[in-house]
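Have a look at the structure below before the remarks.
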Amino acid sequence: MIDANVLLVDDEQDFVQTMVKRLKKRNLTINYAHSGQEALDHLADNKGVEVVILDIKMPGMGGEEALQHIKQKHPLVEVIMLTGHATVASGIEGMKLGAFDYLTKPCELDVLLAKVDEAATKKRRHEEKIVEARIREITSRRV
Amino acid sequence: MKQTGVFDNPYYKSLTRNLIPTVIVVSFSPMILVCLVILYHFQASYSEKVNAHLKELVLKHKQDIDTFLAEETSDLEMLAKTFGISRLSDAGFLEKELFVLQNGYRGAFVDLGLINADGQLISYAGPFKLGRADYSDSDWFQQAIHKDIFISDVFLGLRGLPHFIISVKKEFKGRPWLLRATIDFVSFNNLVENIRIGETGFALIINRKNEFQTNPRVNFSLGRAMYDRFLDDTNRDNDGVQIFTHKHRPGKEFIYVSAFLKNGEWLLVYRQNTSDAFSIIRRVQNLAVLILVIGSIGIVTMAVLFSRRIVGFVARADKEKEMMNQQMIETGKLASIGELASGVAHEINNPVAIMVEEAGWIQDLLEDESFARSENLDEFDRALNQIRTQGKRCKEITHKLLSFARKTEAANQKIDIGELIREIVDLAHQRTKYSKVSIETAISNALPCIAASRTELQQILLNLINNAIDAMEAAGGTVKVSCRFVLDHIHIQVSDNGPGIPESNLSRIFDPFFTTKPVGKGTGLGLSICYGIARKMGGTIEVSSDLNQGTTFEVRIPV
Chain A
23 MIDANVLLVD
33 DEQDFVQTMV
43 KRLKKRNLTI
53 NYAHSGQEAL
63 DHLADNKGVE
73 VVILDIKMPG
83 MGGEEALQHI
93 KQKHPLVEVI
103 MLTGHATVAS
113 GIEGMKLGAF
123 DYLTKPCELD
133 VLLAKVDEAA
143 TKKRRHEEKI
153 VEARIREITS
163 RRV
Chain B
2 MKQTGVFDNP
12 YYKSLTRNLI
22 PTVIVVSFSP
32 MILVCLVILY
42 HFQASYSEKV
52 NAHLKELVLK
62 HKQDIDTFLA
72 EETSDLEMLA
82 KTFGISRLSD
92 AGFLEKELFV
102 LQNGYRGAFV
112 DLGLINADGQ
122 LISYAGPFKL
132 GRADYSDSDW
142 FQQAIHKDIF
152 ISDVFLGLRG
162 LPHFIISVKK
172 EFKGRPWLLR
182 ATIDFVSFNN
192 LVENIRIGET
202 GFALIINRKN
212 EFQTNPRVNF
222 SLGRAMYDRF
232 LDDTNRDNDG
242 VQIFTHKHRP
252 GKEFIYVSAF
262 LKNGEWLLVY
272 RQNTSDAFSI
282 IRRVQNLAVL
292 ILVIGSIGIV
302 TMAVLFSRRI
312 VGFVARADKE
322 KEMMNQQMIE
332 TGKLASIGEL
342 ASGVAHEINN
352 PVAIMVEEAG
362 WIQDLLEDES
372 FARSENLDEF
382 DRALNQIRTQ
392 GKRCKEITHK
402 LLSFARKTEA
412 ANQKIDIGEL
422 IREIVDLAHQ
432 RTKYSKVSIE
442 TAISNALPCI
452 AASRTELQQI
462 LLNLINNAID
472 AMEAAGGTVK
482 VSCRFVLDHI
492 HIQVSDNGPG
502 IPESNLSRIF
512 DPFFTTKPVG
522 KGTGLGLSIC
532 YGIARKMGGT
542 IEVSSDLNQG
552 TTFEVRIPV
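If you read the sequences in order, they're chains A and B. Taking our numbering, I'd label the letters of the first sequence as residues 23 to 165. Taking our numbering, I'd label the letters of the second sequence as residues 2 to 560.
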């Protein structure tokens, strides 16, 4: 279990509160937002976020739109879609837009944690590869 | 639908009542019109023909009679001119000449006589003993003595028998003498009597004083008005023939044809009963009436049969329309319930998620050391697990609701329906392994492939088979799954010999949330989903059930 930096985005405040407490208890760095816009603002200020858990149905900017903005501005951040719709179609739509995976509400915490873990690992590997590529680039220039 | 049932309904009864007269009127009108037109033309042309025939007949007889009189007159004239008074005064000579006239010619002469200017009969040849008869006071003598040729009217005379005479005047020594012949009345009468047509046609001759010159066959008299009508020359044709009909009293109508004879002194009158003259028209009329009656019976019968048939069609169409309306309502009801369900399902997921998470949070807290020593820890655990389990159940229900309401089409693919059924039956066998339920299949070999969504078909079949197993789980029984190809539909039957479905439940069986299973066992959505899928495929799903006998579901899918 890695201590991932997670941003939970959901308009249901009660859900967010409980979830935050449960995830913190499992040593995750957890922040939250109640709308798509709030999430984008948070991401702009805090560069350390690795995984975003994003509810699809929210007032104002919805999950799908927020996902597009996130992927545009922070392509390395992994997003797990959380949907009350529970339809394969909305999940697939999210995957097409670049989401890491999708989960249906209510979901088992263990399943969610596993997904977060996978997503964070993927992100870190991704970053490592980029760093390696840059180092290779710099060293090759010196040679 | 039974025909009798249809006609018990007041609406269809009145529809039939309105339709029958319409069909009768529409069929009758042209028939009657054609009959009337034909009859009218036939009557007109036939009347014309009869009138022409009668005119021709009277004209011919007029000419015959005139010729007869002219011949007799010229015979007598010849005799008078050829021989002198002295010869004619000899009764023996007259006898000889009478014999020649009677045998050589037509023989209408009865006698011959020579009369002097004083009206005394000088000589006579003939059957009567007239001696020296004196005619000086006779009407005919008064007229004849002043005319070269004279033909009298019919009179009785000295002999007391009807006869008429022809006389020729001859001058001798400045004094007039008359050679006179009597014409045989019978042969003359026969000339007229010969004119007979039909049963009532006869002819007669009258003179200017309205006296009969021939003996009419029937008791007959001409009134003054009638006689005057004959004298009216305005409506005579070029041949001098006049024709008219006269109604003496209702039912007694006669056709009269007349022509003048003997230089306008006599009138030949022909009379016939109109109904007799136009008997063919009446026969044709009777035939037409007979045809009309038979035609009418035919038309009325056809109208009744036709109307009943049409009303039968209308009733069937109405029934189908009503059924379609009901199906539309049913579909609409399901669609609106579906929309509602999808909204509810979505909204419920959030609170359920919170509940489950809260329970999870309590569980997290219970793992702390301070709670680990609590003696009720197991109970807490059990309660929290229960909350989580029930949360999952809620999720399953909402998932089913959403799949019921889902509008996205599952992709169609070519499916071997027999193979699909076998797969599903194999799956269902797992469930029946430990129960008293067995599954039999009867799948026809010649089944065409169908284009449908595999998952949807699986869903229908699994639902039906599972329901059948559920129904018989307690008492045991057999589920029969059969599949055959009828016309252009695949018929899949799933039947059980379980307890059956009460009739009151049958009409609601496809309604969403309708279930007879114990709480927690069924959502009441299975058959609704089956119904929705079958309709979407353009097929049908029907149920029939007998209590304690079993239930059969039949799904029909078009190929």
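Note that beta-carbon positions come from the ideal geometry of N, C-alpha and C, so glycine has one too.
Hey, does E410 of chain B have any beta-carbon neighbour from chain A nearer than 7 Å?
With a pLDDT of only 42 at E410 of chain B, under the threshold of 50, the placement of this residue in the model should not be trusted, and no figure is reported.
Taking C-beta to C-beta, are I116 of chain B and Y136 of chain B nearer than 7 Å?
yes
Per-residue burial, D497 of chain B [other beta carbons within 10 Å of its own, 16 or more giving buried]:
buried
Listing by chain order, which chain B residues have their CB less than 7 Å from the CB of E115 of chain A?
The contacting residues do not exist; E115 of chain A stays about 11 Å from chain B at best.
What beta strand (DSSP E) runs, 3 residues minimum, are completely inside the region 193-255 of chain B?
203-208, 242-250
From G58 of chain A to N446 of chain B, what does the alpha carbon distance come to, in whole angstroms?
58 Å
With DSSP collapsed to three states, give me the class of I530 of chain B.
helix
Any Cβ of chain B within less than 7 Å of the Cβ of D36 of chain A?
yes
Can you tell me whether Q214 of chain B is buried or exposed? The criterion is at least 16 other CB atoms within 10 Å of its CB, across all chains shown.
buried
Hey, quick one: how far does the alpha helix (DSSP H) through Y271 of chain B stretch, first residue to last?
It is not in any alpha helix (DSSP H) - Y271 of chain B instead sits in the beta strand (DSSP E) that spans 267-274.
Contacts that I440 of chain B makes with chain A (C-beta to C-beta distance below 7 Å)
Going along chain A, no residue has its Cβ under 7 Å from I440 of chain B, so there is no contact; the nearest lies around 31 Å.
For a test of the three-state rule: what should DSSP assign to E410 of chain B, helix, strand or coil?
Note that E410 of chain B scores 42 on pLDDT, short of 50, meaning its location in the model is unreliable; the coordinates nonetheless yield the value given after this. Residue state, collapsed to three classes: coil.
Is the region 223-237 of chain B close to the region 172-191 of chain B, with three or more CB pairs under 8 Å?
no
By how many angstroms is the C-alpha of R197 of chain B removed from the C-alpha of P217 of chain B?
11 Å
With a cut-off of 7 Å, does the C-beta of E359 of chain B fall near any C-beta of chain A?
yes
On a CA-only basis, which of B:I418, B:A278, B:R509, B:L458 is nearest H54 of chain B? Give me that one, please.
B:A278
Suppose the cutoff is 7 Å on Cβ atoms and the five residues either side in sequence are ignored; what does the same chain contact list for L70 of chain B look like?
I152, K263
Please go through the region 72-121 of chain A and give each complete alpha helix (DSSP H) segment of 4 or more residues, from N-terminal end onward.
85-95, 110-118
Report the option in B:Y12, B:G296, B:D185 whose CA atom is closest to the CA atom of L1 of chain B.
In the structure as shown, chain B begins at 2 and stops at 560. Residue 1 of chain B is therefore absent and cannot be evaluated.
Three-state secondary structure (DSSP) at Q550 of chain B?
coil
Using a Cβ-Cβ cutoff of less than 8 Å, which residues in the same chain neighbour G127 of chain B once the five nearest sequence positions on both sides are dropped?
L99, V111, D112, L113, G114, T183
Please list the terminal residues of the continuous alpha helix (DSSP H) segment that includes Q103 of chain B.
92-105
My output table needs one value for S496 of chain B: the three-state DSSP class, helix, strand or coil.
strand
Looking only at C-alpha atoms, which of B:A226, B:I206, B:Q550 sits nearest to L192 of chain B?
B:I206
Count the other C-beta atoms from every protein chain shown that fall within 10 angstroms of the C-beta of F314 of chain B, then say buried if there are 16 or more, exposed otherwise.
exposed
Beta-carbon within less than 7 Å of M83 of chain A's beta-carbon, same chain only, minus the 5 sequence neighbours each way: which residues are those?
S57, G58, Q59
Closer than 7 Å to chain B by CB, K127 of chain A:
yes
Residue(s) in a DSSP beta bridge with R327 of chain B
Note that residue 327 of chain B is Gln in the sequence shown, not Arg. Paired residue(s): none; Q327 of chain B is not in a bridge.
Curious, which full-length beta strand (DSSP E) runs of at least 3 residues does the region 133-174 of chain B contain?
150-152, 165-173
Per-residue contacts from V353 of chain B into chain A (C-beta, under 8 Å):
K127, P128
Listed by chain order, chain A residues near G392 of chain B by CB distance under 9 Å
P128
So is E410 of chain B buried or exposed if we call it buried at 16+ other beta carbons inside 10 Å?
In this predicted model, E410 of chain B has a pLDDT of only 42, less than 50, meaning its place in the structure is not dependable; the value taken from the coordinates is given anyway. So E410 of chain B counts as exposed.
Going by CA-CA distance only, name the one from B:G478, B:D91, B:Y228 that's closest to Y257 of chain B.
B:Y228
Cutoff 8 Å; reference H490 of chain B; Cβ partners in own chain excluding five residues on either side:
G540, R557, I558, P559, V560
If I follow the unbroken beta strand (DSSP E) through S28 of chain B, where does it start and stop?
Not the beta strand (DSSP E): S28 of chain B falls in the alpha helix (DSSP H), residues 11-83.
Taking only three categories from DSSP, how would you classify T399 of chain B?
helix
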